[in-house]
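Novice: In this note's numbering, the protein residues as written are 1 to 198.
Ideal Cβ placement from N, Cα and C applies to all residues, glycine included.
Please find one structure pasted underneath; my questions will follow.
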Amino acid sequence: YATGLKLNYLSMNCQGNQQDNPEKEKCQKLMNEIKQDLNNSIEKIRDFISATALNRIELDDLHANLDQLIRQCNQSPGIEIELLFKNSPYTTGYLSPEKSTQIYYIVQEAVCNILKHSEADKAEVLLEGRHDLLYITVTDNGKGISIDSLNQQRHFGILSMRERTERIGGQLVIQQNSKGTRIELQVPWEGETNDRQD
């Protein structure tokens with residue numbers, strides 16, 4: 001607002017470049033102030049963009065959320081669920097809030113399926129940050145998911161996981177055998193780490 005007032009003053013009183021303009025010195029001073037104001041505004045815009053850019057989810061944050069989920073699920077009797085976390089220092093990207101949210105719900109659905117249907121007494125969730133993608137596995141030692149559910153996609157939970165995976169450009173593989181069920185999720189990073197603002 002203050003910058004606008006100064007520009008209005010210049011418009012009315014600093015016409016032209018006449019050497020004899022009595023307002024010349026004052027106009028020059030105002031021009032310098034306006035330049036400084038604009039530089040300050042640019043810095044504020046950059047700060048705003050940086051703050052917006054930081055609306056990116058670190059893998060540690062996703063791990064913390066999943067840890068809380070697993071702790072809650074471990075309150076169910078008859079099963080022990082372990083959460084493993086590996087994060088390479090050479091990862092090349094980050095997670096958007098959207099991707100982090102969808103990943104959380106995919107894992108939640110997978111774990112809920114274990115609790116409801118697998119009859120397992122042990123399960124494991126692996127969260128691994130690799131160089132070019134996020135890799136997640138959910139395994140259990142239960143009876144496994146029926147082949148009909150996999151082939152016909154009638155299982156609502158599986159259908160939901162597939163839709164969420166497609167939404168974030170990931171890949172989902174579900175394997176069933178006599179030793180239980182294994183779900184693999186691969187999600188590419190949202191961008192490169194050198195895009196981040198310090």
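Let me make sure I understand the geometry here. Which of 167, 118, 163, 185 has the alpha-carbon closest to that of residue 179?
Specialist: As a first step, residue 179 is located in the sequence shown; it is residue number 179 there, counting from the start. Of 167, 118, 163, 185, the residue nearest in Cα terms is 118.
Novice: Note down, one range per segment and in chain order, each alpha helix (DSSP H) of at least 4 residues found wholly within the stretch 160-191.
Specialist: Complete alpha helix (DSSP H) runs here, min 4: none at all.
Novice: Spatial neighbours of residue 133 within its chain, please: CB distance less than 7 Å, with the 5 preceding and 5 following residues excluded, ordered by chain position.
Specialist: By one-based count along the sequence shown, residue 133 stands at place 133. Here the set comprises 186, 187, 188, 189.
Novice: Do the stretch 64-76 and the stretch 161-168 touch if we need at least three Cβ pairs shorter than 8 Å?
Specialist: Contact fails: fewer than three Cβ-Cβ distances are below 8 Å.
Novice: Whole-angstrom Cβ separation of residue 174 and residue 121, contact assumed at under 8 Å?
Specialist: Your numbering for residue 174 matches position 174 in the sequence shown. Your numbering for residue 121 matches position 121 in the sequence shown. That pair is no contact at about 21 Å.
Novice: DSSP on residue 123, reduced to helix/strand/coil?
Specialist: Taking the sequence shown and counting its residues from 1, one reaches residue 123 at position 123. It is a strand residue.
Novice: Hey, residue 158 and residue 111 are a contact pair by Cβ (cut 8 Å); roughly how many whole angstroms apart?
Specialist: Position 158 of the sequence shown, counting from 1, holds the residue named residue 158. Position 111 of the sequence shown, counting from 1, holds the residue named residue 111. Their Cβ separation, rounded to whole angstroms, is 13 Å, which puts residue 158 and residue 111 out of contact at 8 Å.
Novice: Let me know the secondary structure DSSP gives residue 79 once reduced to three states.
Specialist: Position 79 of the sequence shown, counted from the first residue, corresponds to residue 79. If DSSP states are grouped into helix, strand and coil, residue 79 belongs with coil.
Novice: Cutting at 7 Å between CB atoms, please list the residues of its own chain near residue 102, excluding the five before and the five after it.
Specialist: Taking the sequence shown and counting its residues from 1, the one referred to as residue 102 is at position 102. Around residue 102: 164, 167, 168.
Novice: Is the separation between the beta-carbon of residue 88 and that of residue 57 shorter than 8 Å?
Specialist: Position 88 of the sequence shown, counting from 1, holds the residue named residue 88. Position 57 of the sequence shown, counting from 1, holds the residue named residue 57. The answer is no: Cβ separation not under 8 Å.
Novice: DSSP three-state call for residue 143: helix, strand or coil?
Specialist: By one-based count along the sequence shown, residue 143 stands at place 143. Three-state DSSP puts residue 143 in coil, outside helix and strand.
Novice: Can you grab the Cα-Cα spacing for the pair residue 130 / residue 184, in whole Å?
Specialist: Position 130 of the sequence shown, counting from 1, holds the residue named residue 130. Position 184 of the sequence shown, counting from 1, holds the residue named residue 184. Their Cα atoms are separated by approximately 14 Å.
Novice: Just checking residue 75 against the ligand ATP - is the residue's beta carbon closer than 7 Å to any of the ligand's heavy atoms?
Specialist: The model depicted lacks the ligand ATP and carries no ligand whatsoever.
Novice: Would residue 194 be called buried (16 or more neighbouring beta carbons within 10 Å of its own) or exposed?
Specialist: As a first step, residue 194 is located in the sequence shown; it is residue number 194 there, counting from the start. Residue placement at residue 194 cannot be trusted, given a pLDDT of 48 that sits under 50; what the coordinates show is reported in the next sentence. With fewer than 16 other Cβ atoms within 10 Å, it is exposed.
Novice: Measuring only the C-alpha atoms, how far is residue 139 from residue 113?
Specialist: The residue you call residue 139 lines up with position 139 of the sequence shown. The residue you call residue 113 lines up with position 113 of the sequence shown. Those two C-alpha atoms are separated by around 11 Å.
Novice: Does the distance from the C-beta atom of residue 104 to that of residue 65 stay below 8 Å?
Specialist: What you label residue 104 is simply residue 104 of the sequence shown in a count that begins at 1. What you label residue 65 is simply residue 65 of the sequence shown in a count that begins at 1. Yes, they are a contact pair.
Novice: Which value, in whole angstroms, describes the spacing of the CA atoms of residue 136 and residue 33?
Specialist: Against the sequence shown, residue 136 aligns to sequence position 136. Against the sequence shown, residue 33 aligns to sequence position 33. Taking the straight line joining both Cα atoms gives about 55 Å.
Novice: Taking only the alpha-carbon atoms, compute the straight-line gap between residue 52 and residue 96 and give it to the nearest angstrom.
Specialist: Stepping through the sequence shown from its first residue, residue 52 is reached at position 52. Stepping through the sequence shown from its first residue, residue 96 is reached at position 96. Confidence at residue 52 is low in this model, with a pLDDT of 42, below 50, so its placement is unreliable and no value can be given for it.
Novice: Residue 128 by DSSP, collapsed to three states: which one?
Specialist: Translated into the one-based positions of the sequence shown, residue 128 becomes position 128. Strand at residue 128.
Novice: Please tell me whether residue 115 and residue 84 are closer than 8 Å, where the distance is taken between their beta carbons.
Specialist: Stepping through the sequence shown from its first residue, residue 115 is reached at position 115. Stepping through the sequence shown from its first residue, residue 84 is reached at position 84. Not in contact: residue 115 and residue 84 (Cβ atoms no closer than 8 Å).
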